[in-house]
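J.: Take a look at this one; I'll ask things after.
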Amino acid sequence: MRGDVASTYPGFSGNHGYVADFNVPTGAKQVCAYGINVGSGVNSQLGCVSLGGNPIASFDAAGLTHPGKITVAGWAFDPTDPTRSIPVHIYIGPVGTAISANLARADVNTLFGITGNHAFNAELDAAGGVQQVCAYAVNDTGPGSNVPLGCKTLNIPSGSPIAWIDRLSARVGAIDVSGWVIDPDSASSGQVHIYVDGVGYAVNADAWRGDLGAVIPRYLELYGPSHGFNFSVAVGAGAHSVCGYAVNIAGTGSNVPLGCRTVNAPSPEPFGSLDAAVGGYGSLSVAGWAIDPDTPNPTQVHVYVDGVGYAVNANAWRGDIAAAFPASGPLHGYSFSLAASAGNHQVCVYAINIAGAGSNQGIGCRTVTVVDGSPYGSIDWAISIYGQIGVSGWALDPDSNNPIPVHVYVNGVGVGVLAGDYRGDVAAVFGHGPLHGYTYIAPRASAAPQTICVFAINTTGTGSNTLLGCRVV
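Next comes the structure, spelled out in structure tokens:
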């Protein structure tokens, strides 16, 4: 019964289907069907199908899946018995491997109108280098012969390891080395040998380095992420030679030298600088920096002035020091000022050991000269005219830019005057601003000689009042 025929050809019943079995000898056959004419017309050939003979197959793909491993895929069947899975032979160079085309491929079955499993997909060992991978569908039933399916060329990674040292640095008491290594013949974690001053250390390269996937094609897919190494070794202060070798752990190739470098491990002792030590008017100042290499935290200095000590925190910003010593950071500057008597003073600074090994270290001594902080100035003129007397000049206190008072005494009788008039000439010579001029005018008491004396008054910092002079008018 073929209802589909009745639907396609209205007016005819569905009784037009046929099924027949025939016993035939083995071998390639062509089967043809004819529709036999009834009534007028002639017989019609309905079609022919070739059966038996050489296998029908396809070598779809071959690719690298892991170091030393390739995968081949395709399909094959023997038309003599298309329900049965047949062998496929794969040759990698001269080395052959038999696999079975016994996996499901519904698309192949649909295309050829067959049943059974006829696909192959296998992972095979492959030596490194450029390899020709060839496939053959094996005719193992009935007539026909094996069918070559073609060859594909693959470049299998192989040879000596590739590696890189990302970081080689020295710190107080230790040297640190990190990087990565891959042996192209193996997905296993590799190894490096590190030599410090001729002493060797075997270091496993099994740390996570997924970042390499961004720069090495198919890195994660082929090798996995575990190929980094991190190594630290204790050393004393001073210069040390560090050499590295990437170890060949599989296949062809040899160990690869990664080069040698000399690094300097810093001393655990604190260090620094006395950048400046200067004397001023009645005071002295020091400035510099100090670092304890055992810690990035701010340290401390002790400043000794004529043997008397003062503790000073070295925690001011010094970007130049951070640039020179990145591991220590920028907070290591210090500055200190102290009132002092006029004359020479011995100033010494010590960097204080606040962490780890080491001891306090002297970083410099200077002799500084402190100038007397008393005010100074001048009587520019003193006159008597038209029944009046007058005096004029300038006065300043080196401890301040502000105007200061002067005391004017006429025959022993004093009066206070502010030295705050504009004197650009004084500012140009002495600094401290221009407001330091004074002028005093008063009636003349008698025709007798008048003695005028002027004192600059100390109002800020160290020092004492200063006599600027006396005049008789």
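Residue numbers (UniProt numbering): 1 to 473.
Using N, Cα and C, we set each Cβ at its ideal position, and we do this for glycine too.
1) If I measure Cβ to Cβ from residue 12 and keep anything under 8 Å in the same chain, skipping five residues before and after, which residues do I get?
2) Leaving out five residues on either side along the sequence, give the residues of the same chain with a beta carbon under 6 Å from the beta carbon of residue 26.
3) What residues in its chain sit with their C-beta under 6 Å from that of residue 206, if we drop five residues either side in the sequence?
4) Identify, in the order they occur along the chain, each residue of the same chain with its Cβ nearer than 7 Å to the Cβ of residue 125, setting aside the five sequence neighbours on each side.
5) By Cβ distance, which residues of its chain are closer than 6 Å to residue 253, with the 5 residues on each side in sequence left out?
6) For the candidate residues 355, 210 and 240, whose alpha-carbon lies nearest to that of residue 261?
7) Do the stretch 69-78 and the stretch 98-105 meet, that is, are 3 or more Cβ pairs less than 8 Å apart?
8) Terminal residues of the continuous beta strand (DSSP E) containing residue 427?
9) Kindly indicate which three-state DSSP category residue 181 falls into: helix, strand or coil?
10) Which residue's Cα is closest to the Cα of residue 291: 267, 307, 20 and 468?
11) According to DSSP, is residue 247 part of a helix, a strand, or is it coil?
12) Label residue 118 either buried or exposed according to how many other C-beta atoms from any shown protein chain fall within 10 Å of its C-beta, with 16 as the threshold for buried.
13) Would you mind stating whether residue 397 and residue 460 have Cβ atoms separated by less than 8 Å?
14) Could you check what DSSP says for residue 545 in three-state terms: helix, strand or coil?
15) Which residue wins for smallest C-alpha separation from residue 156, given the options 137, 84 and 127?
16) May I ask which residues mark the beginning and end of the beta strand (DSSP E) holding residue 155?
17) Which of helix, strand or coil does DSSP assign to residue 556?
18) Could you pull the start and end residues of the alpha helix (DSSP H) that residue 3 belongs to?
19) Looking at residue 450 and residue 410, is the spacing between their C-beta atoms short of 8 Å?
20) Taking the Cβ atom as the reference point for each residue, do residue 250 and residue 186 lie within a distance shorter than 8 Å?
21) If you measure from the beta carbon of residue 77 to each beta carbon in chain C, is any gap under 8 Å?
22) When DSSP labels each residue in this structure, what does residue 217 get in the three-state scheme?
23) Tell me which same chain residues have a C-beta within less than 7 Å of the C-beta of residue 401, skipping the five on either side of it?
24) Quick one: give me the first and last residue of the beta strand (DSSP E) that residue 480 is part of.
25) Pull up the distance between the alpha-carbon of residue 441 and that of residue 426, whole angstroms please.
26) In the structure shown, what three-state DSSP assignment does residue 314 receive?
27) Nearest-angstrom Cα distance between residue 232 and residue 194?
28) Between 457, 313 and 45, which has its C-alpha nearest residue 375's C-alpha?
29) Between 446, 3, 54 and 146, which lies nearest to residue 384 when the distance is taken from Cα to Cα?
30) If you reduce the DSSP assignment to three classes, tell me which class residue 96 lands in.
31) Taking only the alpha-carbon atoms, compute the straight-line gap between residue 179 and residue 63 and give it to the nearest angstrom.
32) Quick one: what does DSSP say residue 223 is sitting in, helix, strand or coil?
33) Suppose the cutoff is 7 Å on Cβ atoms and the five residues either side in sequence are ignored; what does the same chain contact list for residue 361 look like?
34) Can you look up residue 443 in the DSSP assignment and give me helix, strand or coil?
35) Can you grab the Cα-Cα spacing for the pair residue 230 / residue 122, in whole Å?
36) Per the DSSP calculation, residue 120 is bridged to which residue(s)?
T.: To lay it out plainly:
1) Result list for residue 12: 5 and 6, in chain order.
2) Residue confidence is low: residue 26 scores 46 on pLDDT, short of 50, so the model does not pin down where it sits. Its coordinate-derived value is still stated next. Only 142 meet the Cβ criterion.
3) 189 and 226
4) Short of 7 Å from the beta carbon of residue 125, and not among the five residues preceding or following it, lie these beta carbons of its own chain, in chain order: 68 and 69.
5) Listed in chain order, the non-local C-beta contacts of residue 253 below 6 Å within the same chain comprise 159 and 160, local neighbours out to five positions each way being set aside.
6) 240
7) yes
8) Counting along the chain, residue 427 falls outside any beta strand (DSSP E), though it belongs to the alpha helix (DSSP H) covering 424-430.
9) Three-state result, residue 181: strand.
10) 267
11) Of the three classes helix, strand and coil, the one that applies to residue 247 here is coil, per DSSP.
12) buried
13) Yes; because the gap between Cβ atoms is below 8 Å, this pair is in contact.
14) This structure cannot speak to residue 545, because the chain is shown only from 1 to 473.
15) 127
16) 147-156
17) This structure gives no information on residue 556, because the portion of the chain shown stretches from 1 to 473.
18) That run of the alpha helix (DSSP H) goes 3-8.
19) Going by C-beta atoms, residue 410 is nearer than 8 Å to residue 450.
20) yes
21) Annotation note: the requested chain C is absent from the structure, which comprises a single protein chain.
22) Residue state, collapsed to three classes: coil.
23) 432 and 433
24) A question about residue 480 goes unanswered here, because the residues of the chain that appear run from 1 up to 473.
25) 22 Å
26) Note: residue 314 maps to strand in three-state DSSP.
27) 10 Å
28) 457
29) The residue with the shortest Cα to Cα distance from residue 384 is 446.
30) strand
31) 30 Å
32) helix
33) 269, 270, 271, 350 and 351
34) strand
35) 38 Å
36) 74, per the DSSP bridge assignment.
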